[in-house]
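*Asks:* Going by the working numbering, the first residue of the sequence shown is number 26, and it counts up by one from there.
We treat Cβ as the ideally placed atom computed from N, Cα and C, and that holds for glycine.
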Amino acid sequence: MRPQSPIPLNDRRRSPDLLSRPFISSSSSSSSPSPSPPSSPLLRKHSPDAAPLLPPPPPPPPPPPHHHHRRTTTTYYLSWLALAAFIALSIMMLLRTLLLTAAAATPCAVSAACYHGFRSAFSFDAHLLASSPRHAAWMGALRNDTLLTSLSIPGTHDTMTYAIGSDVLQCQNWNLSVQLAAGLRYFDVRARLRDDQLHIYHGDGDTGFGYQDVLLEVFGFLARNPSEAVVLRVKQEGPPLPGQRNNTLTFEEAFNYYLHNSSITAKQAARHMHDWDPAAPLPALGDLRSKVLVLQDFPADHDGPANKYGVAWDDGRQMVLEDRWIVPDVHHLRDKWTAIREALERAAGDVQDNKALYLSHVSASVGVLPIEAAAGPRNGSVVGMNDETGRWLENGDQAGRTGIVIFDFPGKRAIEAVLARNAAYNA
């Protein structure tokens, strides 16, 4: 056998252990001496005196910079930036929600005459009058012989809707207690029968209050302020509603239950409900102090008289009513103002013969939001009805009584502009 060839350089690099393997001839045996290895420098055993071996191959060059790593770093930072932007946006949205919630809980987060972004000099800040004893007992300054029909009385439309939670249905931003203390004396209560009880609604919207709540608040106020009188519209807002049990009472029977049979309200009702006589003239203030006069806006059973419990609503005899509550849009609010102004002019100009109550609704709630009708739209393109009415009254374009002026979201100036018309009847 021929001697093995020297190991090529590339093989030597892959198998360095072969460098020290001796050269073996095919004719060698165990007894014969081993021949000297070839003198090839590639196979010569290295010693200090020997010529150096070929230097090892240089290490491979380092790989070029990885653009993938650069892209990964960039993507990492972009992800953090996106996360930071998302967190910042979430915080901003949370702050906005908190501000809107605060605005809903208070008349305004900015100024007294602002509410939910609507601004009006004659709206929203009725609470500023609620701490004044003068407004809680303003009727005490008037003579007893002052006729109810001669008075100028501020009031509210859909009185109990301050917590209803719907822009379409909400008409007030203060509760009944604040309204009473601020000097409002006419209240609009709309009820539906459910589970044989009267619950306060606006259309199909449940306010969360019952007729009993209204009576207790009013009776308590009159007990503390016996100089005052309250005019209370009681309206059947719709047919009976299904509840946890079937209704067994009619609307009229439920109305009477609170007056005569309820262990909670009947005793106070006996003291504070006006003893209405349909055949008698409309009462003077002295007969109404500490009392509630009902405006009956519900049918009596068995075709009973429409004025069985109080002044019949819009019967054309004892009531002169302006109630243009449908307005196509905010641009037609000028037509609504014309109707209000004409009603106020009529109340001021007609002979005061004690034959009828004059009622003017400053409110509107179909075609426009109640708050838009009261304060005008947010962009201020149209003047709200509270401002139109308040300015007309303050300017004194026509002296005399206003009758009952019924507001949504009334403010301090609107209430005081109505009350100022009673100065002629001071005791």
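#1: I need the boundaries of the beta strand (DSSP E) containing Leu318, first residue and last residue.
#2: Kindly indicate which three-state DSSP category Ser148 falls into: helix, strand or coil?
#3: Using DSSP bridges, identify the partner residues of Asn451.
#4: How is the alpha helix (DSSP H) around Ile396 delimited, first residue to last?
#5: For Pro179, which residues does DSSP report across the bridge?
#6: Between the segment 138 to 150 and the segment 168 to 184, can you find at least three pairs of beta-carbon atoms closer than 8 Å?
#7: On a Cα-Cα basis, can you pick out the residue from Ala439, Asp312, Asp231 that is closest to Ile429?
#8: Would you report the Cα separation of Phe432 and Ala304, rounded to the nearest angstrom?
#9: Roughly how many angstroms lie between the CA atoms of Leu384 and Val345, to the nearest whole one?
#10: Could you check what DSSP says for Leu313 in three-state terms: helix, strand or coil?
#11: Return yes when the Cβ of Trp199 is within less than 8 Å of the Cβ of His152, no when it is not.
#12: Can you tell me whether Pro158 is buried or exposed, with buried defined as 16 or more other CB within 10 angstroms of its CB?
#13: What separation, rounded to the nearest whole angstrom, lies between the Cα atoms of Gln261 and Asp302?
#14: Under the assumption that Asn272 contacts Leu223 (Cβ atoms under 8 Å), give the Cβ distance between them as a whole number of angstroms.
#15: Do Gly409 and Ala399 come within 8 Å of each other at the CB atom, strictly closer than that value?
#16: In whole angstroms, what is the alpha-carbon distance linking Ala155 and Gly401?
#17: Helix, strand or coil for Lys260? Go by DSSP, reduced to three states.
#18: Please classify Met185: does DSSP put it in a helix, a strand, or coil?
#19: Determine whether the beta carbon atoms of Gly228 and Leu201 lie at a separation below 8 Å.
#20: Could you check what DSSP says for Leu247 in three-state terms: helix, strand or coil?
#21: So, does the CB of Thr186 fall closer than 8 Å to a CB anywhere in chain C?
#22: Hey, out of Glu397, Asn420, Leu241, Val214, whose CA is closest to Ser288's CA?
#23: By alpha-carbon positions, which one of Ala295, Ala372, Gln204, Ala109 ends up nearest to Ser148?
#24: Just reading off the beta strand (DSSP E) that Ser385 is part of, what are its end residues?
#25: Helix, strand or coil, according to DSSP, for Val407 in the structure here?
#26: Do the CB positions of Phe323 and Val407 come within less than 8 Å of each other?
#27: Does Thr290 come out as helix, strand or coil in the three-state DSSP assignment?
#28: Run the CB neighbour count on Arg426, radius 10 Å, all protein chains shown included, and call it buried at 16 or more, exposed below.
#29: What is the residue span of the alpha helix (DSSP H) that Val203 lies within?
#30: Can you check whether the CB of Val336 is closer than 8 Å to the CB of Leu310?
#31: My assumption, with CB atoms under 8 Å, is that Gly235 sits in contact with Ser191. Please give the rounded CB distance.
#32: Between the C-alpha atoms of Leu369 and Asn411, what's the straight-line distance to the nearest angstrom?
#33: Please classify Lys361 as buried or exposed, where buried requires at least 16 other C-beta atoms within 10 Å of its C-beta.
*Replies:* In short:
#1: 317 to 322
#2: strand
#3: Leu167
#4: 395 to 400
#5: Val430
#6: no
#7: Ala439
#8: 31 Å
#9: 6 Å
#10: helix
#11: yes
#12: exposed
#13: 22 Å
#14: Rounded, the Cβ-Cβ distance is 11 Å, inconsistent with contact.
#15: yes
#16: 25 Å
#17: strand
#18: coil
#19: no
#20: helix
#21: The question asks about chain C, but that chain is absent: this structure has only one protein chain.
#22: Leu241
#23: Gln204
#24: 382 to 386
#25: coil
#26: no
#27: coil
#28: buried
#29: 201 to 206
#30: no
#31: Between Ser191 and Gly235 the Cβ distance is about 19 Å, and since that is not below 8 Å, they are no contact.
#32: 13 Å
#33: buried
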